[in-house]
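Below is one structure; the comments refer to it alone.
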Amino acid sequence: MSSLNASFNTTSISNFSHVSSISTTAIYDLLLIIFNSINLFACAQVVGVFGIVANILNIRLFRQQGYQDGVNITLTALALSDIGALVNMLVYITMLNPLIDENGVTVSKVAIGYVSFFLHEYFIKVSSVIITFAAVERCLCVALPLKVKMMITAKLAVVVNGVIFIVMCLYLFVHFHIMFLSWDLLPETNQTVLRFHYKSIRVMYLPTAYYATDIFLPYCTFLVLISCSAIIFVKLKSKSKWRQSNSSWGDKLASLTYKERKTAKLFMLVSVTCVVLLLPYYLMFTCTAFMRELAFDGAQSVIGFLVSSFTTLLETINCSITVFIYYNMSSKFRAEFRKMFGQWSKLNIRKTRQRVEIDFLEYLTPSADKNQHLSCTY
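Position in the sequence shown (from 1) plus 16 gives the number in the working numbering.
Shown next as structure tokens:
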């Protein structure tokens, strides 16, 4: 009898543990769905749409300011790269939406998701390298102003930014070189769609590519950004003390130094923002590379999904908030911004006034016709 009770108790405990593990897994899955819905399908998409509009506005304002120097050219290239990252991010998040099915489609959601994800990462890396180039340029201008000013021209800025876009295409080449498209049958819908499949050379190329593009390059970029920001901060502080002790050099020199100082601070703030908002993603990627439990097929995949959705939101914010930095740090950008919106507001007021006058005349016209008709009758 006691053995039966012991067997019953053991079976009950095992069943309870199994039910408990199932309920815990269900709770984790529910929390993951809720968090991803808020983080990706709500916040990230809203911020992404805003970022696209803001970067288009940035490009228009930089164009109005002119491209006499390399600063506006570099910032325009950064805005173009941010737009590319945000557009592909929105496509990628849309493909993650479980409410979108694959009925009647030719290309699988997974295939579109792959392309948009790698394009998004490409533009993120391009933006990071462009910011690094701008930070190095400003650092040299602050540290060695007389030697560097004549070297860094608008033409050089165009060439360097163009080379960055072209060279970083190697990231896309590696990933798309190890994949191929083929027609697959979906059993649930009984239709054939295009899907990506990895080639056998994936094992040979992919680890090296990931270590180079997602570990070595980002951390080197962050190291350069932090170093340049520190040098700019120290140099500006020392030059500020020098200006205070040599204030008799004239207003022209002071004004020129003030402009250079504001530009250097702008790039320093953009660099720090880039490091703070992008570093969590690469830290998570590094942890996943050395702790396979955090991978999407690992035992702790829930944590990986949660952190990935959070880092995706941070990447989106990084590509969207530059307009606030430019508005607060650049007086010329702020003046052009107010001028443009002032023209829009005046135009809207003029159109509204004309519309009110037309509506008022249309309202009075029938009354006048009616009075004329009544007078003719009498």
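Beta carbons: idealized from backbone N, C-alpha and C, even for Gly.
The structure displayed is predicted, hence computed values, not measured ones.
Item	Value
Which residue marks the beginning of the alpha helix (DSSP H) containing T110, and which one marks its end?	86–112
Which residue spans inside the stretch 161–207 form an unbroken beta strand (DSSP E) run of at least 3?	195–202
Could you give the DSSP three-state label for V209: helix, strand or coil?	strand
What do you get for T328, buried or exposed, if any count of 16 or more other CB atoms within 10 angstroms of its CB means buried?	buried
Evaluate L96 with the Cβ neighbour count: other Cβ atoms within 10 Å of its Cβ, from every protein chain shown; 16 or more gives buried, anything less gives exposed.	buried
Once DSSP output is grouped into helix, strand and coil, what is the label at V121?	coil
Once you ignore the five residues that flank M345 on each side, which residues in its own chain have a CB closer than 8 Å to its CB?	K278, K281, L282, L285
Cβ of R211 within 7 Å of Cβ of S124?	yes
Answer yes or no: does any C-beta atom of chain B fall closer than 7 Å to that of M345?	No chain B is part of this structure, which consists of one protein chain only.
Taking only the alpha-carbon atoms, compute the straight-line gap between I43 and S254 and give it to the nearest angstrom.	56 Å
DSSP beta-bridge partners for Y214?	M195
Assuming A228 is part of the alpha helix (DSSP H), what are its boundary residues?	No alpha helix (DSSP H) contains A228, which DSSP labels as neither H nor E.
Quick check: N119 and D98, are their CB atoms within less than 7 Å of each other?	no
Buried or exposed, going by whether 16 or more other CB atoms sit within 10 Å of the CB of K275?	exposed
With distance defined between alpha-carbon atoms, name the residue in F326, L239, E331, S347 nearest to I50.	F326
Candidates L186, A170, D117: which alpha carbon is nearest E137's?	L186
Please go through the same chain and pick out, in chain order, the residues whose beta-carbon is closer than 6 Å to the beta-carbon of L102, but skip the five residues on each side of it.	G64, G67, I68, C335
For V175, which of F321, I146, R154 has the nearest alpha-carbon?	I146
Going by alpha carbons, who is nearest to C155 out of A305, F340, L252?	L252
Measuring CA to CA, which of T122, F78, A151, R76 is closest to F249?	A151
Can you tell which of V209, L115, T110 has its C-alpha closest to the C-alpha of S132?	T110
Where I89 and A173 are concerned, what is the direct C-alpha to C-alpha distance, given to the nearest angstrom?	7 Å
Short of 6 Å in beta carbon distance, which residues of its chain neighbour L56, apart from the five on each side in sequence? Order them along the chain.	I109, S325
May I have the straight-line CA-CA distance separating T229 from L201, to the nearest angstrom?	34 Å
Around the C-beta of S245, are 16 or more other C-beta atoms found within 10 angstroms, so that it is buried, or is it exposed?	buried
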